[in-house]
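Participant: Residues in the sequence shown are numbered consecutively from 1, following the working numbering.
All residues carry an ideal CB built from backbone N, CA and C; glycine is no exception.
Just so you know, these numbers come straight off a predicted model, no measurement behind them.
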Amino acid sequence: MWEGGKRTVSVNAYERSADARTACIQARGWGCAICRFDFGRVYGVEFQGFIHVHHKVPVSKVGARYKVDPARDLIPLCPNCHSIVHYGNKTRSVQEVKTLLLTAKRQNK
Ligand SMILES: [Zn+2]
Ligand SMILES: [Zn+2]
1 MWEGGKRTVS VNAYERSADA RTACIQARGW GCAICRFDFG RVYGVEFQGF IHVHHKVPVS
61 KVGARYKVDP ARDLIPLCPN CHSIVHYGNK TRSVQEVKTL LLTAKRQNK
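#1: Grab me the residues of residue 49's own chain with a C-beta within less than 8 Å of its C-beta, minus the 5 sequence neighbours each way, in chain order.
#2: Is the separation between the beta-carbon of residue 76 and that of residue 53 shorter than 9 Å?
#3: From what residue to what residue does the beta strand (DSSP E) around residue 68 run?
#4: Could you tell me which of 68, 43, 19 and 100 sits nearest to residue 81, measuring between CA atoms?
#5: Taking the alpha carbon of residue 14 as the reference point, which residue from 107, 95 and 74 has its own alpha carbon closest?
#6: When the Cα atoms are used, what is the spatial distance from residue 34 to residue 27?
#7: Using DSSP bridges, identify the partner residues of residue 77.
#8: Does the Cβ of residue 85 have 16 or more other Cβ atoms within 10 Å, making it buried, or fewer, making it exposed?
#9: Where residue 51 and residue 18 are concerned, what is the direct C-alpha to C-alpha distance, given to the nearest angstrom?
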């Protein structure tokens, strides 16, 4: 939840589907695809598997017949990175957010 509750991360049906989530995590692992954050490693085994999944194809571009391939179309992201991907009513690419992270890190040194 964001401060003030003004912004929320909107997730689509694929991101909410438990089956798609499981398939995505099985294919890609527990860690965030952007910052490698792993809840199980940081907070303990109880939290292993707590990760968001992000659907890479914007729903608006998805046709009615589109079938999700969890390994290809979904990607595990930590809530922080997921929020940045969707921040401000747009959807950034995973690569874009990776670059933001690296650039900010460099500037904060
Ligand atoms: Zn992350
Ligand atoms: Zn998402």
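Facilitator: According to the structure shown:
#1: 25, 30, 39 and 40
#2: yes
#3: It is not in any beta strand (DSSP E) - residue 68 carries neither H nor E in the DSSP assignment.
#4: 100
#5: 74
#6: 16 Å
#7: 52
#8: buried
#9: 12 Å
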